[in-house]
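Read the structure below first, then the notes.
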Amino acid sequence: MSKLSEAFRNKTLTAFLTAGDPDINSTEDFVMQMVRAGVDIVEISIPFSDPIAENEVVQASTLRALKVGITIDNVFELVESLRKKTDVAIVFLTYLNPIFNYGYELFFQKCNKLGVEGVIIPDLPYEEKEEVQTFAQKYGVDVICILTVEPKERVRKIACCAGGFIYLISPFNSPTSKQEDLQNLKETIKEIKKVTNTPLVLGFGTPSSNDIKIAKELSQGLVVGSKIVRIIAQYGKNASEKIYEYVKTLKDAL
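In my numbering, the protein residues as written are -16 to 237.
Below you can see the structure in the form of structure tokens.
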């Protein structure tokens, strides 16, 4: 059984951070604080110069990491070091261009060797997934899809081929009413469940208590990102205990 499969035995907390923000040693410490707090999956972002799918908070963390010279090899070295301390499930978030430049085969081979369970590629269109999927499957790495509240046909089309887990972004930041958002979310999840049993998690940048309640009711888990990145931006190298406290609070709430 993979680490991702084991993670979904109960409600799952996935915590996001950017590798190298503010430096790679701090990132390792932050991840271990998350593990101490009970996180189930760690989502590590590989810095890229054009993170088009990210909000301003995460974009700023990426720029900070790039300024200190973080590379893909640095991130692999980070995971290699983490693997001496923890067997927590780890997934990467990165973009297609860095993987292409690094080499699909080498990238996924290293993921396999170091125990990276999955990769999220926000700018990889479903229609072009096969060129990456071939190498990912060869090395047993899941290409994890991100979904939003989209037309039903497209949701079903993408979800039926999903691996690892499905990352469904909450629509609650849209200008529509909360009730409309919730209904749209429920309908989207219903469509997903028609075509796959792959675990589904809900993504919130900074989840409220109501968001956590919704995640518990409608999905197999919660993804949190922006709040952790904000803590790092505020406290820098001294963010460890704040990250632990925040992640522990979320895990206890699930």
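Heads up, the beta-carbon is just placed ideally off N, CA and C, and yes, glycines get one too.
In this text, all values refer to a predicted model and were calculated from it rather than measured experimentally.
DSSP places Ser28 within a strand segment (E or B) once states are collapsed to three. Scanning the segment 81 to 120 for uninterrupted beta strand (DSSP E) segments of 3 residues or longer gives 99 to 103, listed from N- to C-terminal end. Collapsing the DSSP output to three states places Thr45 in a helix. Look at Phe75 here: in three-state DSSP terms it is strand. In the DSSP assignment, Asp125 falls within the unbroken beta strand (DSSP E) covering 125 to 127. Between the segment 71 to 78 and the segment 86 to 102, the count of Cβ pairs shorter than 8 Å is three or higher; the stretches touch.
Judged by their CB atoms, Thr1 and Thr10 are nearer to each other than the 9 Å cut-off.
For Ile127, the closest C-alpha among the options Lys161, Pro154, Thr77, Glu63 is that of Thr77. DSSP, reduced to helix, strand and coil, places Phe59 within a helical segment of the structure shown. In this chain, Val184 is not harboured by any alpha helix (DSSP H); it is covered by the beta strand (DSSP E) spanning 183 to 187. Thr10 sits in a helix when the DSSP states are folded into three classes. The C-beta distance from Ala216 to Ser(-15) rounds to 33 Å, too long to meet the 8 Å contact threshold.
The continuous stretches of beta strand (DSSP E) do not include Leu237, and DSSP gives it neither H nor E.
With a threshold of 16 other beta carbon atoms within 10 Å, Phe83 falls short and is exposed. The way I'd put it, the segment 197 to 210 does touch the segment 22 to 39; three or more beta-carbon pairs between them come closer than 8 Å. Where Val212 is concerned, there is no enclosing beta strand (DSSP E), although the alpha helix (DSSP H) around it starts and stops at 209 to 218. With respect to Leu61, Ile149 sits apart: the two C-beta atoms are not nearer than 9 Å.
Residue state for Ile35 is assigned as coil, using DSSP reduced to three classes. By the Cβ-count criterion, Thr117 is exposed, with fewer than 16 other Cβ atoms from all chains shown falling within 10 Å of its own Cβ.
Between Leu233 and Ile197, the C-beta spacing is not below 9 Å. Shown here for Pro34: same chain residues with a beta carbon closer than 6 Å to its own, the five before and five after excluded, namely Gln42, Thr45 in chain order.
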